[in-house]
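Enquirer:
2 protein chains.
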Amino acid sequence: MFGGRSMMIGVDLGGTNIKAGAIFNSGKVLYKISKDTNPKRDKSQIIQDIIIIIEDIIKNTTNDINTIQSIGIGVPGVVQKGTGNILNCPNLNWHNVDLGDILKRHFMREIFIENDASLAGLAESVFGSTKGYKNSVFITLGTGIGAGIIIDGKIYSGSHGVGSEIGHMIVGENFYDCNCGRNGCLETFASATALIKYSQKRIDEGFIETELIHNYKDLDAKMIFDFAYKGDRLANEVLDRFYKYLTIGILSIYDILDPDAIAIGGGVSKAGDKLIERLKHEVSSRVFIKSIKYGEITLASLGNDAGIIGAAILGEIMKSH
Amino acid sequence: MFGGRSMMIGVDLGGTNIKAGAIFNSGKVLYKISKDTNPKRDKSQIIQDIIIIIEDIIKNTTNDINTIQSIGIGVPGVVQKGTGNILNCPNLNWHNVDLGDILKRHFMREIFIENDASLAGLAESVFGSTKGYKNSVFITLGTGIGAGIIIDGKIYSGSHGVGSEIGHMIVGENFYDCNCGRNGCLETFASATALIKYSQKRIDEGFIETELIHNYKDLDAKMIFDFAYKGDRLANEVLDRFYKYLTIGILSIYDILDPDAIAIGGGVSKAGDKLIERLKHEVSSRVFIKSIKYGEITLASLGNDAGIIGAAILGEIMKSH
Numbered sequence: 001m002f003g004g005r006s007m008m009i010g011v012d013l014g015g016t017n018i019k020a021g022a023i024f025n026s027g028k029v030l031y032k033i034s035k036d037t038n039p040k041r042d043k044s045q046i047i048q049d050i051i052i053i054i055e056d057i058i059k060n061t062t063n064d065i066n067t068i069q070s071i072g073i074g075v076p077g078v079v080q081k082g083t084g085n086i087l088n089c090p091n092l093n094w095h096n097v098d099l100g101d102i103l104k105r106h107f108m109r110e111i112f113i114e115n116d117a118s119l120a121g122l123a124e125s126v127f128g129s130t131k132g133y134k135n136s137v138f139i140t141l142g143t144g145i146g147a148g149i150i151i152d153g154k155i156y157s158g159s160h161g162v163g164s165e166i167g168h169m170i171v172g173e174n175f176y177d178c179n180c181g182r183n184g185c186l187e188t189f190a191s192a193t194a195l196i197k198y199s200q201k202r203i204d205e206g207f208i209e210t211e212l213i214h215n216y217k218d219l220d221a222k223m224i225f226d227f228a229y230k231g232d233r234l235a236n237e238v239l240d241r242f243y244k245y246l247t248i249g250i251l252s253i254y255d256i257l258d259p260d261a262i263a264i265g266g267g268v269s270k271a272g273d274k275l276i277e278r279l280k281h282e283v284s285s286r287v288f289i290k291s292i293k294y295g296e297i298t299l300a301s302l303g304n305d306a307g308i309i310g311a312a313i314l315g316e317i318m319k320s321h
Numbered sequence: 322m323f324g325g326r327s328m329m330i331g332v333d334l335g336g337t338n339i340k341a342g343a344i345f346n347s348g349k350v351l352y353k354i355s356k357d358t359n360p361k362r363d364k365s366q367i368i369q370d371i372i373i374i375i376e377d378i379i380k381n382t383t384n385d386i387n388t389i390q391s392i393g394i395g396v397p398g399v400v401q402k403g404t405g406n407i408l409n410c411p412n413l414n415w416h417n418v419d420l421g422d423i424l425k426r427h428f429m430r431e432i433f434i435e436n437d438a439s440l441a442g443l444a445e446s447v448f449g450s451t452k453g454y455k456n457s458v459f460i461t462l463g464t465g466i467g468a469g470i471i472i473d474g475k476i477y478s479g480s481h482g483v484g485s486e487i488g489h490m491i492v493g494e495n496f497y498d499c500n501c502g503r504n505g506c507l508e509t510f511a512s513a514t515a516l517i518k519y520s521q522k523r524i525d526e527g528f529i530e531t532e533l534i535h536n537y538k539d540l541d542a543k544m545i546f547d548f549a550y551k552g553d554r555l556a557n558e559v560l561d562r563f564y565k566y567l568t569i570g571i572l573s574i575y576d577i578l579d580p581d582a583i584a585i586g587g588g589v590s591k592a593g594d595k596l597i598e599r600l601k602h603e604v605s606s607r608v609f610i611k612s613i614k615y616g617e618i619t620l621a622s623l624g625n626d627a628g629i630i631g632a633a634i635l636g637e638i639m640k641s642h
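Residue numbers (my numbering), protein chains in the order written: chain A, 1 to 321; chain B, 322 to 642.
#1: Decide if Ser641(B) is buried, meaning its Cβ has at least 16 other Cβ atoms within 10 Å, or exposed.
#2: Mind checking whether Val483(B) and Ile289(A) have CB atoms under 8 Å apart?
#3: Any C-beta of chain B within less than 8 Å: which residues of the region 245–267 of chain A qualify?
#4: For Val11(A), write down the residues that DSSP places opposite it in a beta bridge.
#5: Mapping DSSP to helix, strand and coil, what is Ser34(A)?
#6: Among residues of its own chain, excluding the 5 on either side of Gly146(A), which ones have a beta-carbon nearer than 6 Å to its beta-carbon?
#7: Since I believe Leu299(A) is in contact with Ala263(A) (beta carbons under 8 Å), could you give me their beta-carbon distance rounded to a whole number of angstroms?
#8: Out of curiosity, what's the CA-to-CA distance linking Ser480(B) and Ser136(A)?
#9: What are the start and end residues of the alpha helix (DSSP H) that includes Val126(A)?
#10: So, at 7 Å on beta carbons, what are the nonlocal neighbours of Cys501(B) in its own chain, with the 5 sequence-adjacent residues on each side left out?
#11: Please state if the CB of Ile491(B) and the CB of Val171(A) are separated by a distance shorter than 8 Å.
#12: Could you tell me which residues DSSP pairs with Glu296(A) in its beta bridges?
#13: Could you check where the alpha helix (DSSP H) with Ala633(B) kicks off and where it finishes?
#14: What residues from chain B crowd round Leu322(A), counting only those whose CB sits closer than 7 Å?
#15: Quick one: which residues of the region 475–486 of chain B get their C-beta closer than 9 Å to a C-beta of chain A? List them in chain order.
#16: Using a Cβ-Cβ distance cut-off of 8 Å, determine whether Asn557(B) contacts chain A.
#17: What residue range does the beta strand (DSSP E) around Leu279(A) cover?
#18: Counting contacts by CB-CB distance shorter than 8 Å, is Phe510(B) in contact with chain A?
#19: Mind listing, in chain order, the continuous alpha helix (DSSP H) runs of no fewer than 4 residues lying wholly within the region 477–563 of chain B?
#20: Would you give the residue range spanned by the alpha helix (DSSP H) that Asn412(B) belongs to?
#21: Interface residues of chain A around Ile460(B) at Cβ under 8 Å?
#22: Per DSSP, what kind of secondary structure is Asn387(B) in: helix, strand or coil?
#23: In the structure shown, what three-state DSSP assignment does Leu99(A) receive?
#24: Check whether chain A comes within 8 Å of Ile491(B), counting only Cβ atoms and requiring the distance to be less than that.
#25: Which chain B residues sit within Cβ distance under 9 Å of Val78(A)?
#26: By the 10 Å Cβ neighbour count, where 16 or more other Cβ atoms means buried, how is Tyr176(A) classified, buried or exposed?
#27: Please determine, among Thr337(B), Leu572(B), Ala632(B), the residue with the shortest C-alpha to C-alpha distance to Leu183(A).
#28: According to DSSP, which residues form a beta bridge with Gly148(A)?
#29: Please report the straight-line C-alpha distance between Leu186(A) and Ala192(A), rounded to a whole angstrom.
#30: Considering only DSSP beta bridges, list what Lys154(A) is partnered with.
#31: What do you get for Asn495(B), buried or exposed, if any count of 16 or more other CB atoms within 10 angstroms of its CB means buried?
#32: Is the region 300–313 of chain A touching the region 59–75 of chain A, taking contact as three or more C-beta pairs under 8 Å?
#33: For the candidate residues Arg426(B), Val399(B), Lys522(B), Leu413(B), whose alpha-carbon lies nearest to that of Asp363(B)?
#34: Which one of Ile58(A), Asp56(A), Asn115(A), Thr62(A) has the shortest CA to CA distance from Asn85(A)?
#35: For Ile472(B), go through chain A and note every residue whose CB falls closer than 9 Å to its CB, in chain order.
#36: Taking any Cβ of chain B, which residues in the region 19–38 of chain A have a Cβ under 9 Å from it, in chain order?
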């Protein structure tokens with residue numbers, strides 16, 4: 001696998017942008033395109049854009065679809081196994097969209113489609129931070145929390161395609177409900193949104209000795225980390241809570257999946273090594289069996305390209321198993 | 322697999338009994354032996370008993386070890402992959418015991434060793450309640466909570482053998498700590514022990530209008546279920562709490578593993594269909610994506626024999642993958 005010189009194409013369909021690129025066997029993205037998703041458009045227009053982007057990449061690289069080893073697409077939602085059709089994609093308001101069928105008819109070949117976080121996890125496990133590990137979990141801490149589970153070198157998405165929704169594990173009771181309608185999802189404690197909401201709540205409650213108060217309306221995760229390092233009491237309280245619940249989430253992943261490694265990506269992971277060091281410290285002091293080595297915790301390394309790379313290589317990974 | 326007429330032997334090493342039996346391809350246990358474990362003895366004596374039991378089964382069945390297709394052992398702890406040595410087994414106070422090596426030297430062949438709950442899950446998936454499903458989770462609600470995860474027809478125990486510890490997922494904050502040293506483990510909310518401890522706590526706090534008060538010192542799970550069905554207010558409060566947290570645990574299993582089915586076994590599962598019906602109701606109203614079919618929730622069907630059966634077939638399952 002990845003031994004030949006043929007090219008693979010990956011498309012990362014997001015709520016904001018459609019990003020795509022060509023990769024060769026090194027895993028490097030060599031030709032990259034990005035276009036606004038404009039998600040309020042009719043889905044047929046978005047699908048048409050995906051087709052145009054793929055055709056553009058072919059034209060500007062090998063100019064022959066038969067030399068393309070694999071074409072894959074990552075979507076921010078739940079994909080039906082086998083068909084590549086989309087069951088549910090909240091950011092695009094897509095429900096039961098036959099994306100796989102449409103693309104297959106157009107290109108006269110199979111187009112591999114998967115959840116975007118699963119594909120980022122796959123890319124990390126082939127070319128990135130969890131390379132060489134059989135079992136790994138990729139967690140992306142952004143506006144929400146996404147995750148990809150790799151078992152035995154393959155994406156594991158469960159029997160109905162709804163596995164690896166680690167952001168919706170219930171890890172406590174929270175002061176606001178999750179978008180999914182439940183209370184206590186990890187996403188409501190450890191996403192960027194969660195950091196902001198809890199900061200605002202504490203200010204609303206009267207916590208005023210904090211620099212965060214001056215940025216009440218445009219708080220972001222970076223700001224909270226930066227002020228915490230400067231000693232801001234509220235920012236530190238917010239991060240203490242973030243680490244507490246992210247630790248609980250990781251401990252549950254250890255207890256269920258016991259992976260070789262857990263990679264942390266997404267916007268919040270820009271806090272970098274300090275985040276990883278504190279997480280390692282909190283997790284290692286609370287593992288179930290102290291005498292046993294647990295999975296490594298590490299920063300994801302492929303950044304925004306992970307989704308494109310994972311989509312591009314999906315077909316090859318599936319063929320090789 | 323299981324096509325021939327050869328016999329398999331399974332041993333279920335528990336903290337109270339060593340149970341063992343011979344099974345043929347039907348999955349039925351045909352020759353069964355049980356002996357007190359007497360766990361305070363030196364481990365060499367317990368291992369000697371395991372050897373005697375296996376030899377006794379051979380003598381009383383085919384009388385020829387070469388006709389035995391497979392010999393397996395389930396242990397209540399963490400087993401090292403590859404060697405079958407025991408890393409940690411709290412009920413027996415065994416740490417780093419080279420059980421696999423000792424038995425291999427004695428019988429001059431590989432003896433397959435795995436965690437007991439994983440083996441019960443395997444047995445359920447081959448002959449019992451989750452038969453025919455690729456991905457399933459078996460949860461045993463007893464003094465503690467054990468679990469077995471079957472992925473793609475095989476036991477999944479993680480990269481270090483400590484996966485499937487579903488009883489130690491943190492699902493809330495509790496009034497007492499878990500034996501593992503952490504707070505909030507599922508086991509402290511949804512095991513038989515948890516039901517008893519919470520009943521006693523509420524009585525200690527002054528809840529006196531309950532029949533449970535007359536059995537304060539010898540409460541058990543069955544009693545709590547029975548009184549709840551008779552309308553006892555405290556028993557119902559205790560069960561409400563039990564269902565609340567067991568539901569959270571199952572939702573997290575759905576969100577991570579999304580299995581085809583979850584089977585509930587162990588002493589608490591004697592509450593039977595009523596337990597399953599209520600659990601199904603609570604879980605289905607709170608799943609992450611309402612429009613998608615999630616895994617079936619069902620009662621385990623093999624009872625106490627599951628451990629013996631799973632141990633007996635382990636070798637064949639491993640060879641067939």
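Cβ coordinates follow ideal geometry from the N, Cα and C atoms, glycine included. The model shown is predicted, which means the values in this text are computed figures rather than measured ones.
Expert: For this structure:
#1: Start at 1 with the first residue of the second sequence, and residue 641(B) comes out as number 320. Exposed: under 16 other Cβ atoms inside 10 Å.
#2: As a first step, residue 483(B) must be located in the second sequence, where it is residue number 162. As a first step, residue 289(A) must be located in the first sequence, where it is residue number 289. Result yes, Cβ atoms of Val483(B) and Ile289(A) sit closer than 8 Å.
#3: Under the 8 Å Cβ criterion, the region 245–267 of chain A contributes Ile248, Leu251, Ser252, Ile253, Tyr254, Asp255, Ile256, Leu257, Asp258, Pro259, Asp260.
#4: Residue mapping note: residue 11(A) aligns to position 11 of the first sequence, counting from 1. Residue pairing by DSSP puts Val11(A) in a beta bridge opposite Ala20(A), Ile73(A).
#5: As a working note, residue 34(A) is residue 34 in the first sequence. Note: Ser34(A) maps to strand in three-state DSSP.
#6: Counting from one through the first sequence, the residue named residue 146(A) turns up at place 146. Counting only Cβ-Cβ distances below 6 Å, and skipping sequence neighbours, we find Ala117, Thr140.
#7: Position 263 of the first sequence, counted from the start, is the residue given in the question as residue 263(A). Position 299 of the first sequence, counted from the start, is the residue given in the question as residue 299(A). Taking C-beta atoms under 8 Å as the contact rule, Ala263(A) and Leu299(A) qualify, at a distance of about 7 Å.
#8: Taking the second sequence and counting its residues from 1, one reaches residue 480(B) at position 159. Taking the first sequence and counting its residues from 1, one reaches residue 136(A) at position 136. Going by C-alpha positions, Ser480(B) is about 9 Å away from Ser136(A).
#9: The residue you call residue 126(A) lines up with position 126 of the first sequence. Looking at the DSSP string, the run of the alpha helix (DSSP H) that includes Val126(A) is 116–127.
#10: Locating residue 501(B) in the second sequence gives position 180, where the first residue counts as 1. Here the set comprises His489.
#11: One-based indexing of the first sequence puts residue 171(A) at position 171. One-based indexing of the second sequence puts residue 491(B) at position 170. Note that the C-beta distance between Val171(A) and Ile491(B) is below 8 Å.
#12: Here residue 296(A) refers to the residue found at position 296 when the first sequence is read from its first residue. Note: Glu296(A) sits in a beta bridge opposite Ala261(A).
#13: The residue you call residue 633(B) lines up with position 312 of the second sequence. Residues 627–641.
#14: Outside the shown range of chain A (1 to 321) lies residue 322(A), about which nothing can therefore be said.
#15: Cβ contacts with chain A: Tyr477, Ser478, Gly479, Ser480, His481, Gly482, Val483, Gly484, Ser485, Glu486.
#16: Position 236 of the second sequence, counted from the start, is the residue given in the question as residue 557(B). By this cut-off, Asn557(B) is not an interface position.
#17: Walking along the first sequence from the start, residue 279(A) turns up at place 279. Under the DSSP assignment, Leu279(A) falls outside any beta strand (DSSP E), being part of the alpha helix (DSSP H) whose first and last residues are 273–284.
#18: If you number the second sequence from 1, residue 510(B) lands on position 189. Judged by the 8 Å Cβ criterion, Phe510(B) is not in contact with chain A.
#19: Given a length threshold of 4 residues, each whole run of the alpha helix (DSSP H) inside the region 477–563 of chain B is given here in chain order: 508–511, 513–525, 542–550.
#20: Counted from its first residue, the second sequence places residue 412(B) at position 91. Unbroken run through Asn412(B): none, as it is neither H nor E.
#21: If you number the second sequence from 1, residue 460(B) lands on position 139. Neighbours of Ile460(B) in chain A, taken as residues whose beta carbon is under 8 Å from its own, are absent, since the nearest beta carbon is some 12 Å off.
#22: As a first step, residue 387(B) is located in the second sequence; it is residue number 66 there, counting from the start. Secondary structure at Asn387(B): helix, using DSSP grouped into helix, strand and coil.
#23: Within the first sequence, numbered from 1, the residue matching residue 99(A) stands at position 99. Leu99(A) falls in the helix class under three-state DSSP.
#24: Start at 1 with the first residue of the second sequence, and residue 491(B) comes out as number 170. It does; some Cβ of chain A falls within 8 Å.
#25: Mapped onto the first sequence, residue 78(A) falls at position 78. Within chain B, the residues near Val78(A) are Ile610, Ile613.
#26: The residue given as residue 176(A) occupies position 176 in the first sequence. Result: exposed.
#27: Residue numbering aside, residue 183(A) sits at position 183 when the first sequence is read from its first letter. Position check: residue 183(A) holds Asn in this sequence, whereas Leu was assumed. Nearest option by C-alpha distance: Leu572(B).
#28: Here residue 148(A) is taken as the residue at index 148 of the first sequence, counted from 1. In the DSSP assignment, Gly148(A) forms a beta bridge with Phe138(A).
#29: Position 186 of the first sequence, counted from the first residue, corresponds to residue 186(A). Position 192 of the first sequence, counted from the first residue, corresponds to residue 192(A). Pairing Leu186(A) with Ala192(A), the inter-Cα distance amounts to about 12 Å.
#30: Start at 1 with the first residue of the first sequence, and residue 154(A) comes out as number 154. DSSP, once it has assigned bridges, lists Ile151(A) as partnering Lys154(A).
#31: For this step, residue 495(B) is matched to residue 174 along the second sequence. Asn495(B) is buried by the Cβ-count criterion.
#32: Segments in contact, yes.
#33: Taking the second sequence and counting its residues from 1, one reaches residue 363(B) at position 42. If we check each option's Cα against that of Asp363(B), Leu413(B) comes out closest.
#34: Sequence index remark: in the first sequence, residue 85(A) carries index 85 (1-based). The shortest Cα separation from Asn85(A) among Ile58(A), Asp56(A), Asn115(A), Thr62(A) belongs to Asn115(A).
#35: In the second sequence, residue 472(B) corresponds to position 151, counting from 1. For Ile472(B), the residues of chain A that pass the 9 Å Cβ criterion are Ile151, Asp152, Tyr156, in the order they occur in the chain.
#36: Answer set for the region 19–38 of chain A: empty.
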